[in-house]
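As they're listed, the protein sequences go chains Y and U. If you're matching positions, the first sequence starts at 102 in the working numbering and goes up one per residue. If you're matching positions, the second sequence starts at 191 in the working numbering and goes up one per residue. Glycine included, every Cβ here is placed at the ideal spot set by N, Cα and C.
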Amino acid sequence: MARPLDPLGFEDEMCPVCKSRKYLNPDIVFVFNPECYHSMCLNCANRLFNDGPNQCPHAGCNKTLRRKGFRSAFFGDLSVEREVDIRRRVAAVFNQKEDDFETLQDYNNYLQMVEDLTFELVNGTDEKRRQAEAQLAAWEAEHKQDIERNKKAGREADEMSRKRLAAERDAARQRRIEAIKEAEEEKRERVRSREMELDNLAKGITATTAAEPATKVQLKRRGQRGGVTEPAVPNPAAAATAGMGASEVERLSIRGLKEKPKAPAPQGPYDPFGGMDFAPSRYKLHGGLAHPLMEKYRLDRQHVAGGYSFDDFAARALYEAFAGLGVFVEDEKEVGSGSGIGLSQETTMAAGIAAVGDPDRMDLD
Amino acid sequence: MEFNIDDLPVLFPYPRIYPEQYAYMVDLKKTLDAGGNCVLEMPSGTGKTVTLLSLIVAYQQYYPEHRKLIYCSRTMSEIEKALVELRALMKFRAERLGREEEFRGLGLTSRKNLCLHPSVKREKSGTIVDARCRSLTAGFVKEKREKGENVETCIYHDNLDLLEQGNLIPNGIWTLDGLLRYGEEKKQCPYFTARRMMQYCNVIIYSYHYLLDPKIAERVSKDLSKDCIVVFDEAHNIDNVCIESLSTDITQDSLMRATRGAQNLEAKIAEMKDSDQEKLQSEYEKLVEGLKGLDEGRQEDAFMANPTLPDDLLKEAVPGNIRRAEHFVAFLRRFIEYLKTRMKVRQVISETPPSFLAHLKEYTFIEKKPLRFCAERLTSLVRTLELTNIEDYRPLQEVATFATLVATYEKGFLLILEPYESDTAKTPNPVLHFTCLDAAIAIKPVFDRFSSVIITSGTISPLEMYPKMLNFETVVQESYAMTLARRSFLPMIVTRGSDQASISTSFQVRNEPSVVRNYGNLLTEFARMTPDGMVVFFPSYLYMESIISMWQGMGILDEVWKHKLILVETPDAQETSLALETYRTACCNGRGAVLLCVARGKVSEGIDFDHQYGRTVLCIGVPFQYTESRILKARLEFLRETYRIRENDFLSFDAMRHAAQCLGRVLRGKDDYGVMVLADRRFMKKRAQLPKWINQALLDANTNLSTDMAVGNARAFLKQMAQPFSSKDQEGVSIWGMKDLRRHQEKMAEDLIVELKTAREEEERERKRREEEERRRLEEERDRVSDYEMDEDDEAEMMALDARIG
Ligand code: SF4
Ligand SMILES: [Zn+2]
Ligand SMILES: [Zn+2]
Chain Y
102 MARPLDPLGF
112 EDEMCPVCKS
122 RKYLNPDIVF
132 VFNPECYHSM
142 CLNCANRLFN
152 DGPNQCPHAG
162 CNKTLRRKGF
172 RSAFFGDLSV
182 EREVDIRRRV
192 AAVFNQKEDD
202 FETLQDYNNY
212 LQMVEDLTFE
222 LVNGTDEKRR
232 QAEAQLAAWE
242 AEHKQDIERN
252 KKAGREADEM
262 SRKRLAAERD
272 AARQRRIEAI
282 KEAEEEKRER
292 VRSREMELDN
302 LAKGITATTA
312 AEPATKVQLK
322 RRGQRGGVTE
332 PAVPNPAAAA
342 TAGMGASEVE
352 RLSIRGLKEK
362 PKAPAPQGPY
372 DPFGGMDFAP
382 SRYKLHGGLA
392 HPLMEKYRLD
402 RQHVAGGYSF
412 DDFAARALYE
422 AFAGLGVFVE
432 DEKEVGSGSG
442 IGLSQETTMA
452 AGIAAVGDPD
462 RMDLD
Chain U
191 MEFNIDDLPV
201 LFPYPRIYPE
211 QYAYMVDLKK
221 TLDAGGNCVL
231 EMPSGTGKTV
241 TLLSLIVAYQ
251 QYYPEHRKLI
261 YCSRTMSEIE
271 KALVELRALM
281 KFRAERLGRE
291 EEFRGLGLTS
301 RKNLCLHPSV
311 KREKSGTIVD
321 ARCRSLTAGF
331 VKEKREKGEN
341 VETCIYHDNL
351 DLLEQGNLIP
361 NGIWTLDGLL
371 RYGEEKKQCP
381 YFTARRMMQY
391 CNVIIYSYHY
401 LLDPKIAERV
411 SKDLSKDCIV
421 VFDEAHNIDN
431 VCIESLSTDI
441 TQDSLMRATR
451 GAQNLEAKIA
461 EMKDSDQEKL
471 QSEYEKLVEG
481 LKGLDEGRQE
491 DAFMANPTLP
501 DDLLKEAVPG
511 NIRRAEHFVA
521 FLRRFIEYLK
531 TRMKVRQVIS
541 ETPPSFLAHL
551 KEYTFIEKKP
561 LRFCAERLTS
571 LVRTLELTNI
581 EDYRPLQEVA
591 TFATLVATYE
601 KGFLLILEPY
611 ESDTAKTPNP
621 VLHFTCLDAA
631 IAIKPVFDRF
641 SSVIITSGTI
651 SPLEMYPKML
661 NFETVVQESY
671 AMTLARRSFL
681 PMIVTRGSDQ
691 ASISTSFQVR
701 NEPSVVRNYG
711 NLLTEFARMT
721 PDGMVVFFPS
731 YLYMESIISM
741 WQGMGILDEV
751 WKHKLILVET
761 PDAQETSLAL
771 ETYRTACCNG
781 RGAVLLCVAR
791 GKVSEGIDFD
801 HQYGRTVLCI
811 GVPFQYTESR
821 ILKARLEFLR
831 ETYRIRENDF
841 LSFDAMRHAA
851 QCLGRVLRGK
861 DDYGVMVLAD
871 RRFMKKRAQL
881 PKWINQALLD
891 ANTNLSTDMA
901 VGNARAFLKQ
911 MAQPFSSKDQ
921 EGVSIWGMKD
931 LRRHQEKMAE
941 DLIVELKTAR
951 EEEERERKRR
961 EEEERRRLEE
971 ERDRVSDYEM
981 DEDDEAEMMA
991 LDARIG
């Protein structure tokens, strides 16, 4: 296949029919017909093929072309355009996945086989090409079901990844907007506090006492925002595993192709905790908790900048305070026989009762 | 002087030591003992290098592990300086110990600096030297020669093979100069001597890139053992080095040349198919086995290397569809054509790697996996084809590297296509930036591999930013204050002009004549008063140009000219070095000079203005980055989302580290002195982000000044500095002799004892109290087991909640 002289094909494309150039006529559009991959400008194509099929105007080419077949190229190099068209056909037929094979080596051999075939189709002599073409058709006929199934799976996977990408993009946009809002909010806050300060000054209240709470508020807010939950993005990866439903097909003669396992019934997304709820059941978290020792850090920019959030601390402290209540070491002992927890009988009892207050309510935990 | 830190005897090659040097050593030792990382900020001009070397060498020699030291610096002159210091230290040790130690230290820099081949070394560009050297030294060239073919080789390289491997050069410390001389004498190549001896050295000193740039690191540094001590000196910019080492720009031109490279490869393959089919076949068979088989081939003369390849990739076999050479080349061509098509788009596009891959697959049927193997596959092919003119294939390699990276990393990278150079440009000149956003990626292998990594610089504040950005843990993070017997530098923040109007280079006001005039006055005043040299930093070239032309119109430059020569830094390296030379001459002969330069330029990074070369540094404006850059914007967003570093925090951090770098330029030792002026209203708020040693010296009285006040202060300061000052006055305060050091150590030991004692007492008391409490509680509980009750409210709430769950 002859290569264009200008390997980039950017500026100096020329229509071989009317000799107009991109350089002189920047609006020129080139089209080609996949029958022979010879390009010409859109005007020429319209002119020549408007009255029905005609012969390709390229010297030495005697293909008969129709107007309908013309399209504009994605690639600058038409030989690549042709190659990709062929690949599209091949990929539609040879669409096995790595999972379909016993070993990686088998898969690699398969890939190479496909590549060899493609190569023949693209670069081979007429004879070879016909041969490859026949092979392709034979394979397609033979493995129809498999191909259909993989096609479907592939489409689903594509769909899934497209969705995931879109969701990610959306989430990123959302976060960006939020960050901007946050910055604006902060700026407004600063202006407001400055105004307040001025007002206070005017009223005769000393600046330091008045200004401090304002900055404090600001810092606190920032600290809270550190923990802003990101917009929930559905997790397509989890869903993707569920989508692999396929019926068993009879064993084909591809070396190393795996026996298809029965597809499991589709499940919902995997929940590692088996439906357990982590919302605290014994207490409720109200905002506005404070601790004299932590106050320093709450206001410390260096801490807050790292994402430190006092509320997290409070939540954890409370969690720890309540953790283990309602767990009866004696009971546990029986289960984990002789794990040797050295606690005296009375403390266990005391703790147990302390936790629930009433032995009857134990089963609620 | 000799002293002990804990049990470790340290030999320090000077009779006196600075207190901060001692503190630095103590922290270093702590880090090494713990086998962790640290970030240390040591004021500039306090002998950081020698301190570091003396402690680490002492550590190496004292403990049986003899951990190797890898010392990374930025420029060749810094490498040479460190080598000289190391040599002096070892000489001192030999004198003290009465014997030469078994010790070898080498520096490594590029072939361009170390080549001896009479014609190769005359090449101007480093890449050409590399390429020509490779064509003389590659493995197959040698093979051919052995077969009796007539090929050109390099005698300096050949001679190395005659020597005993592992003992190419005697023990001792070899400066680059010394290495060159030795090589010339023995007719052996200094570059390869250093490369091959690296494993047998106690100390290696080389540039960052040999460790950080994955393309080089794999070849040069892969044999270094895990317990090496790695030091990054002058590391304040390390995040940018990391990012640059993984980012690539692809242009139309490079794509065109890549296409040509692919065509050449195709031709070569066809040629080889006719003449030497077995070679291709044997490569193919190796690839079937997996890349491991190729490992022997990855030696020092590997032509091209790959970017960070995860280990699992190295172990896996090359995908079947690029195993054959011709398949692979067709694959590359398809990929390049795709990139070309993308380049035709006329609007800005920014894209994540997954979305790029999805699009790529849709249009070219290129899957992610073979893409990942691209760089490695190309290396193997180039080796098989025995290509010598590697330079021609560089663009192709860039594309392959890009392919591998884009398929390997989903996060931390972004593709940005900019069709036009600037917003106003009419003719498209598209560039595809593949930019790394996460500095941690490039440095991760270093942290993974080496247990102790020391990151140090004169200005590396705020310290906690670095562990966050580079994603590592530290044992010690410390910033040392500078002990001074007299205030030898005067930092000031000037916020107002003489007319009390505030000055700033923020976008709204930077071109207002009044602001420009005020800056001009500041410059004139200081030019009048400062002896010898003065350095002025601007935030950007663009601003510098515009303000200079405005000053010209206002007659300010004429005024300055009366007192000092005016020299200007330009983006052109040659011109700048000429300007610098003139500047130095003028400083030495008493004419005096002002150097106008840019806070992110060459001058601000690598060049010292000690003593008369810089008595005043004037920082005009906060040197913020150009925030409209899309790459910067992407990075800011990444930092915000991944490391929770807010955009403004990062920008301000980045500006201040450059400002601090600029300020640090004038103070290069304790006997040096200088004035540091930060001239912008906005510096007032950013003061806390200055390094500790500068911030501490910045008195409140010297902030928020107007021009005339600053001039008054500076005048008084300079007058004081002109008084005679002997080193005697410093003793005991900013310089310690043996006696002072011992006193300090005793005091530290005492403090420690006291601390331990109080801690123990405290503990004791605490334990008693707890026991007491416990006992009481138990007693009480025994009494009250039956009537224990919860708080009523709590109980009510709990019941409600439990009911809900039930
Ligand atoms: S082997 Fe050494 S001396 Fe010879 S060309 Fe290469 S770098 Fe130069
Ligand atoms: Zn035409
Ligand atoms: Zn045709």
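query: Same chain, Cβ closer than 7 Å to Pro761(U), five either side skipped, listed in chain order; result: Tyr731
query: heavy atom of ligand 3 below 7 Å from Cys119(Y) C-beta; result: no
query: Proximal residues to Leu390(Y) (C-beta, below 6 Å), its chain only, five neighbours per side dropped; result: Ala415
query: Cys344(U) Cβ short of 7 Å to ligand 3 heavy atom set; result: no
query: 7 Å CB neighbourhood of Glu654(U) in its chain, flanking five on each side removed; result: Gln667
query: Touching by the beta-carbon criterion (3+ pairs, under 8 Å), the segment 514 to 527 of chain U and the segment 445 to 460 of chain U; result: yes
query: Segments assigned alpha helix (DSSP H), at least 4 residues, entirely inside the segment 408 to 457 of chain U; result: 428 to 436
query: Lys551(U) beta carbon near ligand 3 (any heavy atom closer than 7 Å); result: no
query: Heavy atom of ligand 3 within 7 Å of Cys145(Y) beta-carbon; result: no
query: Any C-beta of chain Y under 8 Å from that of Ala597(U); result: no
query: heavy atom of ligand 3 below 7 Å from Lys169(Y) C-beta; result: no
query: Interface flag, Thr817(U) vs chain Y, CB-CB below 8 Å; result: no
query: Proximity test, Cβ basis, 8 Å: Arg707(U) and chain Y; result: no
query: Whole-angstrom C-beta distance between Ala629(U) and Leu660(U), which should lie under 8 Å; result: 6 Å
query: Closer than 7 Å: Cys626(U) CB and nearest ligand 3 heavy atom; result: no
query: Segment contact, 8 Å Cβ cut-off, at least three pairs: the segment 695 to 705 of chain U with the segment 767 to 785 of chain U; result: no
query: Those residues which DSSP pairs with Ala869(U) across a bridge; result: Val684(U), Ile810(U)
query: Bridge partners - Asn340(U), DSSP secondary structure assignment; result: The partner list for Asn340(U) (beta bridge, DSSP) is empty, contrary to what the question assumes.
query: Buried or exposed (CB count within 10 angstroms, at least 16 for buried), Lys530(U); result: buried
query: Backbone CA spacing between Asp320(U) and Glu313(U) [nearest angstrom]; result: 10 Å
query: Same chain only: Cβ atoms within 8 Å of Thr149(U), ignoring 5 sequence neighbours per side; result: This structure cannot settle anything about residue 149(U), because the visible part of chain U is limited to 191 through 996.
query: Beta-carbon proximity of Leu402(U) to Ile650(U), cut-off 8 Å; result: no
query: Proximity to Met215(U) [Cα-Cα], best of Arg532(U), Tyr670(U), Leu880(U), Thr598(U); result: Tyr670(U)
query: Residue ranges of each alpha helix (DSSP H) within the segment 626 to 690 of chain U, 4 or longer; result: 629 to 639, 655 to 660
query: Residues bridged to Trp364(U) (per DSSP); result: Leu296(U)
query: Residues sharing a beta bridge with Ile248(Y), DSSP; result: None, per the DSSP bridge assignment.
query: In DSSP terms, what His623(U) is bridged to; result: Asp439(U), Ile606(U)
query: Contact test: Cys116(Y) Cβ vs ligand 3 heavy atom, cutoff 7 Å; result: no
query: CB contact check: Asp178(Y) to chain U, cutoff 8 Å; result: yes
query: Beta-carbon spacing of Lys164(Y), Cys137(Y) below 8 Å; result: yes
query: Beta-bridge pairing of Asn194(U) - partner residues as DSSP gives them; result: Pro199(U)
query: Pairwise C-alpha distance: Glu241(Y) and Asn227(U); result: 60 Å
query: Residues of the segment 370 to 382 of chain Y whose Cβ lies closer than 7 Å to any Cβ of chain U, in chain order; result: Ser382
query: For Met377(Y), the three-state DSSP class (helix, strand or coil); result: coil
query: C-beta contact flag for Glu182(Y) and Phe171(Y) at 8 Å; result: no
query: For Cys142(Y), the residue or residues it bridges with in DSSP; result: Phe131(Y)
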